[in-house]
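These protein sequence lines are chains A and B, in that order.
All the letters of the first sequence, read from the start, carry residue numbers 0 to 130 under numbering that gives the first Met the number 0.
All the letters of the second sequence, read from the start, carry residue numbers 0 to 130 under numbering that gives the first Met the number 0.
Protein chains: 2
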Amino acid sequence: MEELDAGECWRLLGEAAVGRLAWCEADGPVLIPVNHAVADGVLLLRTAPWTSLVTHVDDSPVAYEVDGSDPGTRTGWSVLVRGRAEVSYAADRHASDSHAPDPWPDPWPDRSHAALVRIHPDEVAGRRLTR
Amino acid sequence: MEELDAGECWRLLGEAAVGRLAWCEADGPVLIPVNHAVADGVLLLRTAPWTSLVTHVDDSPVAYEVDGSDPGTRTGWSVLVRGRAEVSYAADRHASDSHAPDPWPDPWPDRSHAALVRIHPDEVAGRRLTR
């Protein structure tokens, strides 16, 4: 098991199509897959403003994870970002819009994405399992 | 976005090679990829007894997630199990051992797997995003 340096962690975060956002509720953790964009050391997610995610994460500690695995060779890697989430609204601009910020996450579900979640990292760590 | 029934959730859990275990620490959530086995409605994980995971999850609420995604078609699915973890020891028996329980998780890292984590589900939910 090899630790990854910060540059490699950010490279993998930049390449990953999908990650998982985790937060803590009163009765324990929740995590869901979501896509993201990376902008100046901050992770950006967009989602519908009525989601459970938005209700729970604003100004709260969260974790975001991306990984890749190969069952054939029993190898894989993962990157974990821990930090604080910040929610803002009026983010419902399509990625194809010429006025959209760049980079801009482009969520897959066909619904409002008016909530923008910024994750400000406190820790970024990654590891790779090789043979 | 389509909700998956319990049978489909357990089928996907049974087929997935790797999932992510999440727990809550004082400063927020943590999640790591790990492999698992499914036995009679309980998820089984094995890991080294000195891991941060083992220190934090015994008799605590956890979540375990498996997913699959296809960036080409922007479709995917996920299953989330929320429940309580229970840690026991002396689980360091190889999956190839004829005395090993069946099913028995077979972790990829080459080190002790003397800690067995059982996840007793309180909730199992899944969803699929189609076009």
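In this text, a Cβ means the ideal position worked out from N, Cα and C, and glycines have one as well.
Only a predicted model underlies this, so the values are computations on that prediction, with no experimental measurement involved.
Give every residue of the same chain whose Cβ lies closer than 7 angstroms to the Cβ of glutamate 24 of chain B, excluding the five residues on either side of it in the sequence, and list them in chain order.
-> Position 25 of the second sequence, counted from the start, is the residue given in the question as residue 24 of chain B. His55, listed in sequence order.
Residues of the segment 52–66 of chain A with Cβ closer than 7 angstroms to any Cβ of chain B, in chain order | Pro60, Val61, Ala62, Glu64 and Asp66
Mind checking the segment 11–38 of chain A against chain B and listing, in chain order, the residues whose C-beta falls within less than 8 angstroms of any C-beta there?
-> Ala16, Val17, Arg19, Ala21, Trp22, Cys23, Asp26, Gly27, Pro28, Val29, Leu30, Ile31 and Pro32
Where do the ends of the beta strand (DSSP E) carrying histidine 119 of chain B lie?
-> Taking the second sequence and counting its residues from 1, one reaches residue 119 of chain B at position 120. Run containing histidine 119 of chain B: 114–128, per the beta strand (DSSP E) assignment.
Listed by chain order, chain A residues near leucine 42 of chain B by CB distance under 7 angstroms | Counted from its first residue, the second sequence places residue 42 of chain B at position 43. Correct list: empty, because the minimum Cβ distance to chain A is about 14 angstroms.
So, is glutamate 64 of chain A buried or exposed, given that buried needs 16 or more other C-beta atoms within 10 angstroms?
-> Translated into the one-based positions of the first sequence, residue 64 of chain A becomes position 65. It is buried - the Cβ of glutamate 64 of chain A has at least 16 other Cβ atoms within 10 Å.
Every unbroken alpha helix (DSSP H) within the segment 46–98 of chain B, with a cutoff of 4 residues, ordered by chain = 51–56
DSSP state of arginine 19 of chain A mapped onto helix, strand, coil = By 1-based counting over the first sequence, the position of residue 19 of chain A is 20. Note: arginine 19 of chain A maps to strand in three-state DSSP.
CB contact check: serine 111 of chain B to chain A, cutoff 7 angstroms | By one-based count along the second sequence, residue 111 of chain B stands at place 112. Not one chain A Cβ lies under 7 angstroms of serine 111 of chain B.
Under 7 angstroms between the Cβ atoms of valine 61 of chain B and tryptophan 103 of chain B?
-> Along the second sequence, read from residue 1 onward, the residue named residue 61 of chain B stands at position 62. Along the second sequence, read from residue 1 onward, the residue named residue 103 of chain B stands at position 104. No.
May I ask you to verify whether the segment 98–114 of chain B touches the segment 31–47 of chain B, counting CB pairs closer than 8 angstroms and requiring at least 3?
-> yes
Determine, using beta-carbon pairs with one atom in the segment 112–119 of chain A and one in the segment 46–53 of chain B, whether at least three such pairs fall under 8 angstroms.
-> no
Using a C-beta cutoff of 7 angstroms, does serine 166 of chain A count as contacting chain B?
-> There is simply no residue 166 of chain A to check, as chain A begins at 0 and stops at 130 in what is shown.
Among the residues of its own chain, which have a CB less than 7 angstroms from the CB of histidine 112 of chain A, if the five just before and after it don't count?
-> The residue labelled residue 112 of chain A in the question sits at position 113 within the first sequence. Arg45, Thr46, Ala47, Ala90, Asp91 and Pro106, listed in sequence order.
Neighbourhood of alanine 5 of chain A by C-beta, 8 angstroms cutoff - its chain only, sequence neighbours within 5 removed | Walking along the first sequence from the start, residue 5 of chain A turns up at place 6. Excluding residues within five positions, the ones whose Cβ falls inside 8 angstroms are Val123.
Extent of the continuous beta strand (DSSP E) run through alanine 36 of chain A = Counted from its first residue, the first sequence places residue 36 of chain A at position 37. Run containing alanine 36 of chain A: 36–38, per the beta strand (DSSP E) assignment.
Spatial neighbours of glycine 67 of chain B within its chain, please: CB distance less than 7 angstroms, with the 5 preceding and 5 following residues excluded, ordered by chain position.
-> Reading the second sequence from its first residue, position 68 is the one you call residue 67 of chain B. These residues qualify, in order along the chain: Gly75 and Trp76.
Amino acids of chain B, ordered along the chain, whose beta-carbon sits closer than 8 angstroms to that of glycine 75 of chain A = Here residue 75 of chain A refers to the residue found at position 76 when the first sequence is read from its first residue. Simply Val17, Pro32 and Trp107.
What is the rounded straight-line gap between the Cα of histidine 98 of chain A and the Cα of aspartate 57 of chain B?
-> For the purposes of this step, residue 98 of chain A is identified with residue 99 of the first sequence, where counting begins at 1. For the purposes of this step, residue 57 of chain B is identified with residue 58 of the second sequence, where counting begins at 1. The alpha-carbon atoms of histidine 98 of chain A and aspartate 57 of chain B are separated by roughly 49 angstroms.
Whose C-beta lies closer than 7 angstroms to the C-beta of serine 95 of chain A among residues of the same chain, with five residues either side of it excluded?
-> What you label residue 95 of chain A is simply residue 96 of the first sequence in a count that begins at 1. None.
How should histidine 35 of chain B be labelled, buried or exposed, when 16 other C-beta atoms within 10 angstroms of its C-beta is the threshold for buried?
-> For this step, residue 35 of chain B is matched to residue 36 along the second sequence. Buried, by the Cβ-count rule.
Spatial neighbours of leucine 20 of chain A in its chain, beta-carbon cut-off 7 angstroms, leaving aside the 5 residues before and after = The sequence position of residue 20 of chain A within the first sequence is 21, counting from 1. Once the five neighbours on either side are set aside, the close Cβ partners of leucine 20 of chain A are Leu30, Ile31, Val33, Leu44, Leu52, Val61 and Tyr63.
Check distances from the C-beta atoms of the segment 77–90 of chain B to those of chain A and list, in chain order, the residues that come in under 9 angstroms.
-> Ser77, Leu79, Arg81, Gly82 and Arg83
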